[in-house]
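Peer 1: Everything in the sequence shown is counted per our numbering, starting at 14 for the first residue and increasing by one.
A virtual CB, placed ideally from N, CA and C, is assigned to each residue, including glycine.
Predicted model only: the values in this text are computed from it and were never measured.
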Amino acid sequence: MARRTCHGLASVRPHFHNEEAAYAFVEARLWPNGAVCPHCGETKRVGKMGGKATRIGVHKCYACRKQFTVKIGTVFESSHVPLHQWLQAFYLMCGSKKGISSNQLHRILGVTLKTAWFMSHRIREAMRSDARFDFGSGGGAVEADETFIGREPGKEVRRAFQHKLKVLSLVDRESGQARSFVVDHVDTATLKPIVQENVAKEARFMTDEGRWYWPIGREFAEHQTVFHSRGEYVRDDAHTNTVEGFFSIFKRGMKGIYQHCEKQHLHRYLAEFDFRYSNRVALGIGDSERADIALLGVRGKRLTYQTARV
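(1) Starting from the C-beta of residue 189, find all residues in its chain whose C-beta is less than 6 Å away, skip the five residues before and the five after it, and write them out in chain order.
(2) Compare the Cα-Cα distances from residue 181 to each of 271, 211, 119 and 62 and report the closest residue.
(3) With three or more C-beta pairs closer than 8 Å as the rule, is the region 88-97 touching the region 270-282?
(4) Could you name each continuous beta strand (DSSP E) segment of 3 residues or more that falls completely within the region 54-142, going from the start of the chain to the end?
(5) How about the region 74-93 and the region 29-44: do they share at least three Cβ pairs that are nearer than 8 Å?
(6) Evaluate residue 149 with the Cβ neighbour count: other Cβ atoms within 10 Å of its Cβ, from every protein chain shown; 16 or more gives buried, anything less gives exposed.
(7) Just how far apart, CA to CA, sit residue 110 and residue 289?
(8) Roughly how many angstroms lie between the CA atoms of residue 77 and residue 53, to the nearest whole one?
(9) I need the DSSP call for residue 248, collapsed to helix, strand or coil.
(10) CB-CB under 7 Å to residue 32, same chain, minus the five flanking residues each way: which ones, in chain order?
(11) What residues in its chain sit with their C-beta under 8 Å from that of residue 170, if we drop five residues either side in the sequence?
(12) For residue 145, name the three-state secondary structure that DSSP assigns.
(13) Would you tell me roughly how many angstroms separate the C-alpha atoms of residue 28 and residue 241, rounded to the nearest one?
(14) Within 8 Å, do at least three Cβ pairs link the region 130-143 to the region 111-122?
(15) Please state whether DSSP places residue 180 in a helix, a strand or coil.
(16) Can you tell me whether residue 194 is helix, strand or coil according to DSSP?
(17) In chain order, what residues of the same chain lie with their CB nearer than 6 Å to the CB of residue 34, ignoring the 5 residues before and after it?
(18) Do residue 179 and residue 194 have their beta-carbon atoms positioned less than 7 Å apart in this structure?
(19) Apart from the five residues just before and just after residue 209, which ones in its own chain have a Cβ nearer than 7 Å to its Cβ?
(20) Judging by CA-CA distance, which residue of 147, 126 and 154 is the nearest neighbour of residue 235?
(21) Which residues in the same chain have their Cβ closer than 6 Å to the Cβ of residue 285, if we skip the five residues on either side of it in sequence?
(22) Rounding to the nearest angstrom, what Cα-Cα distance links residue 122 and residue 112 in this structure?
(23) Return the chain-ordered list of same chain residues with a C-beta closer than 8 Å to the C-beta of residue 305, the five sequence neighbours on each side being excluded.
(24) Could you check the C-alpha separation between residue 20 and residue 225 for me, to the nearest Å?
(25) Based on Cα-Cα distance, which residue from 307, 58, 251 and 267 lies nearest to residue 101?
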């Protein structure tokens, strides 16, 4: 099967088609101050191995006497997929506003469908942000809303949303960041701890008329509510249009690209959409910069195939 190049970029970006260039590209970002031994942390007594029989990118630590590459301790570890194909996959997933299916990755990269599926989940792990800051710090506006998609396993289809998967999303208007969570219930007891943990006390909290938000809103400096049932969508700066715009992208991607998602994987898809939204062109971040940011998230997030399937 002929493998197509990544959006025609292979000719101008050697790390997309040359394995040595791919290793150099990743090493420059993950080891900006030189190679670091993942086994003992040594930085000085480390050397790159040469020779015809030596694999590309292999280094040796002369403190613990072990060999390693930049892939150890990252989502790339133990993968037999060439690193330059990984970089193509990163670019494709980061540059596709609504995502790219495993089938499409399989066709473009020339890997098996199972491999493409596993690669996409590893990349979503890299997109998952470990950085924590309180939304609405300094008195900024934070929008909160819930949406429903798919079907809860084992739930009978009924009217309204009880049988659907439930998602809570928060959007910080000042920073443009989004943070989403899979929730089991849409009620005050479930949502309150999540909101309290992620939103600053001085924030201006913006929601629709969902009754579950009323007790939560008392925890913040201000709580503004718009009543959609009365045809009210904006009142001065009170609205939830920003978070609903995020949901529109999320649902178009989930329904149009991915089409089906099991509950145990939904948190990874949310991490993907949160990442792209929080690093979008409107915030001055292009496709290449977004892929570079995602690449920095590969460290310490090894994901095995069995873990990904659970």
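Peer 2: On the basis of the coordinates in this document:
(1) Closer than 6 Å at Cβ, skipping near neighbours: 296.
(2) Residue 181 has its Cα closest to that of 211, out of 271, 211, 119 and 62.
(3) No contact exists between the region 270-282 and the region 88-97.
(4) Fully enclosed beta strand (DSSP E) runs of 3 or longer: 59-61 and 72-74.
(5) Contact annotation: the region 74-93 touches the region 29-44, with at least three C-beta pairs closer than 8 Å.
(6) The residue is buried, with at least 16 neighbouring Cβ atoms inside 10 Å.
(7) If I take the Cα positions, the gap works out to 7 Å.
(8) Cα-Cα distance, rounded: 7 Å.
(9) Looking at residue 248 - three-state DSSP - the assignment turns out to be strand.
(10) Once the five neighbours on either side are set aside, the close Cβ partners of residue 32 are 69, 95, 96 and 97.
(11) The beta carbon of residue 170 sits closer than 8 Å to those of 164 and 176, all from its chain and outside the five residues before and after it, given in chain order.
(12) DSSP places residue 145 in coil when its eight states are reduced to three.
(13) For residue 28 and residue 241, the distance between alpha carbons rounds to 50 Å.
(14) Touching, yes, given that three or more Cβ pairs across the two stretches are closer than 8 Å.
(15) Strand.
(16) Correct three-state label for residue 194: strand.
(17) Closer than 6 Å at the Cβ level, and outside the excluded window around residue 34, lie 27 and 28.
(18) 7 Å or more divides the Cβ of residue 194 from the Cβ of residue 179.
(19) Its chain contains 232 as the residues whose beta carbon lies nearer than 7 Å to that of residue 209, once the 5 sequence neighbours on both sides are disregarded; these appear in chain order.
(20) For residue 235, the nearest C-alpha among the options comes from 154.
(21) Around residue 285: 137 and 140.
(22) Residue 122 and residue 112 have their C-alpha atoms roughly 16 Å apart.
(23) Sequence-distant partners of residue 305 (beyond 5 residues in either direction) whose C-beta falls short of 8 Å from its own C-beta, in its chain, are 42.
(24) Bear in mind that a pLDDT of 48 at residue 20, under 50, signals an unreliable position, so the number given afterwards is only what the model happens to contain. Whole-angstrom Cα-Cα distance: 46 Å.
(25) Taking the Cα of residue 101 as reference, the smallest distance to any Cα among 307, 58, 251 and 267 is reached at 307.
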